[in-house]
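Peer 1:
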Amino acid sequence: MRDFDYLEPTSVEEASRMLAELGDEEVRIIAGGTALILTLRQRMVKPTHLLSIAKIDRLRGIDFDEKSGLRIGALARHADVARSAVVRQHFPILASMAGRVANPQVRNQGTIGGNLCYGDPSTDPPGCLLALDATVVLGSTRGERTMPLGEFIVDYFETALEPDEILVEIRVPALAAGTTGVYSRFLRTAAEHRPLVSVALVARREGASCRGARLAVGASTPIPMRLRRAEEFLQGRVVDPAVAAEVANMVAQDIE
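For the sequence shown, the working numbering gives the first residue as 1, with consecutive numbering after it.
1. Would you kindly work out how many angstroms separate the C-alpha atoms of Ile53 and Met250, rounded to a whole number?
2. Go ahead and pull the three-state DSSP assignment for Ser11.
3. Where do the N-terminal and C-terminal ends of the alpha helix (DSSP H) with Thr221 fall, by residue?
4. With respect to the alpha helix (DSSP H) encompassing Asp133, which residues constitute its N-terminal and C-terminal limits?
5. List, from N- to C-terminal side, the alpha helix (DSSP H) runs of 4 residues or more that fit wholly inside the region 133-196.
6. How close, in whole Å, do the beta carbons of Thr111 and Ala31 come, if the pair is a contact with beta carbons under 8 angstroms?
7. Please determine, among Glu232, Glu158, Gly181, the residue with the shortest C-alpha to C-alpha distance to Met97.
8. Considering only the alpha carbon of each residue, which of Gly114, His193, Val217 lies closest to Glu158?
9. Is Val106 near Leu94, with beta carbons less than 8 angstroms apart?
10. Rounded to whole angstroms, what's the CA-CA distance from Gly119 to Gln235? Just pull it up for me.
11. Within 10 angstroms of the Cβ of Ile37, are there 16 or more other Cβ atoms? Answer buried if so, exposed if not.
12. Just verifying my parser: in three-state terms, what is the DSSP assignment at Met225?
13. Is the number of C-beta pairs between the region 82-92 and the region 50-69 that are closer than 8 angstroms three or more?
14. Where DSSP assigns a beta bridge to Arg60, which residues make up the other side?
15. Along the chain, where does the beta strand (DSSP E) that runs through Leu70 open and close?
16. Could you give the first and the last residue of the continuous beta strand (DSSP E) run that contains Ala38?
17. Going by DSSP, name the residue or residues bridged to Tyr6.
18. Answer with buried or exposed for Gly139, where buried requires no fewer than 16 other C-beta atoms within 10 angstroms of its C-beta.
19. Would you report the Cα separation of Phe152 and Arg204, rounded to the nearest angstrom?
20. For Leu187 and Ala252, I'd like the C-alpha separation in whole angstroms.
21. For my contact list, Tyr156 and Pro222 are in at a C-beta cut-off of 8 angstroms; report their separation, rounded to the angstrom.
22. Is there contact here, the region 65-72 with the region 10-21, by at least three beta-carbon pairs under 8 angstroms?
23. Classify Met1 as helix, strand or coil using the three-state DSSP reduction.
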């Protein structure tokens, strides 16, 4: 690895100023570093500066409010999300997903904010969070702005972050009564950690009928995507084997 300057801002504003001032330099932001350190070792990137966000307290914490929903700081590790009492109580689908990300080393070091900013389609969080209707909060010297996760991830390894912005937190709205969710991932072999495809379904039921569904797929597409045709088909239906088979057929067609 080549030499580089290591920067440690303590606020979102300070980090943004540094990024703006170093506009023409090769700067990489580091949080957990699980992906970045690997690319450094393989000499895939050669930054002049590493900007660590580990000392920015604004990016920490996981909390829940009945009105505003769940807030996950960008520095929360996957293991933190999986173990969080409020996540396990209010969003068991999210805790289940976080507990299966990659491998124990990545779960205990990698951050959920870093995962989203890296933009790798073959990871677990984006699709699950998309099905949960998550939004992201981005910060800079200009203040903070909020956008839907579906607009934040714009292409393969590409996000809507401006050059002087950092991801501050992820927000997930509280689930309506009667809403449940399930997350599934499919691997080529049991030894692998990156899914070939992942599917997240969040549905609200009244009796045996589906009264609303958000269905998202990840890993098999360049960016996670909502399957709106299947969502509309599920509306008002009793989900029996025939309905499930038709939804599966729609999903297969829409991700080709």
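All C-beta atoms, glycine included, are put in the ideal place defined by N, C-alpha and C.
Peer 2: According to the structure shown:
1. Working through the sequence shown from its first residue, we reach residue 53 at position 53. Working through the sequence shown from its first residue, we reach residue 250 at position 250. Taking the straight line from one Cα to the other gives about 42 angstroms.
2. Numbered from 1 along the sequence shown, position 11 holds the residue referred to as residue 11. Coil at Ser11, not helix or strand.
3. If you number the sequence shown from 1, residue 221 lands on position 221. No alpha helix (DSSP H) holds Thr221; DSSP gives it neither H nor E.
4. Position 133 of the sequence shown, counted from the start, is the residue given in the question as residue 133. Here Asp133 belongs to no alpha helix (DSSP H), and DSSP marks it neither H nor E.
5. 149-152
6. Locating residue 111 in the sequence shown gives position 111, counting from the first residue. Locating residue 31 in the sequence shown gives position 31, counting from the first residue. At roughly 4 angstroms, the Cβ-Cβ gap stays under 8 angstroms, so Thr111 and Ala31 are in contact.
7. Reading the sequence shown from its first residue, position 97 is the one you call residue 97. Out of Glu232, Glu158, Gly181, Gly181 has the C-alpha closest to the C-alpha of Met97.
8. As a position in the sequence shown, residue 158 is number 158, starting the count at 1. Checking every option, the nearest Cα to that of Glu158 belongs to Gly114.
9. Within the sequence shown, the letter at position 106 stands for residue 106. Within the sequence shown, the letter at position 94 stands for residue 94. No.
10. Numbered from 1 along the sequence shown, position 119 holds the residue referred to as residue 119. Numbered from 1 along the sequence shown, position 235 holds the residue referred to as residue 235. Cα-Cα distance, rounded: 31 angstroms.
11. Along the sequence shown, one-based indexing puts residue 37 at 37. By the 10 Å Cβ count, Ile37 comes out exposed.
12. Mapped onto the sequence shown, residue 225 falls at position 225. Note: Met225 maps to strand in three-state DSSP.
13. yes
14. As a first step, residue 60 is located in the sequence shown; it is residue number 60 there, counting from the start. According to DSSP, which records beta bridges pairwise, Arg60 is partnered with nothing at all.
15. As a first step, residue 70 is located in the sequence shown; it is residue number 70 there, counting from the start. Per DSSP, Leu70 belongs to the beta strand (DSSP E) from 69-73.
16. Stepping through the sequence shown from its first residue, residue 38 is reached at position 38. Checking the sequence shown, residue 38 turns out to be Leu, not Ala. From DSSP, Leu38 is part of no beta strand (DSSP E) but of the alpha helix (DSSP H) over 36-41.
17. Taking the sequence shown and counting its residues from 1, the one referred to as residue 6 is at position 6. Per DSSP, Leu50.
18. Residue numbering aside, residue 139 sits at position 139 when the sequence shown is read from its first letter. Buried.
19. In the sequence shown, the residue the question calls residue 152 occupies position 152. In the sequence shown, the residue the question calls residue 204 occupies position 204. In a straight line, the C-alpha of Phe152 is about 26 angstroms away from that of Arg204.
20. For the purposes of this step, residue 187 is identified with residue 187 of the sequence shown, where counting begins at 1. For the purposes of this step, residue 252 is identified with residue 252 of the sequence shown, where counting begins at 1. If I take the Cα positions, the gap works out to 17 angstroms.
21. Indexing the sequence shown from 1 puts residue 156 at position 156. Indexing the sequence shown from 1 puts residue 222 at position 222. Sure, about 5 angstroms apart at Cβ, within 8 angstroms.
22. no
23. Position 1 of the sequence shown, counted from the first residue, corresponds to residue 1. Low confidence applies to Met1: its pLDDT is 47, below 50, so where it sits in the model is not reliable enough to give any reading.
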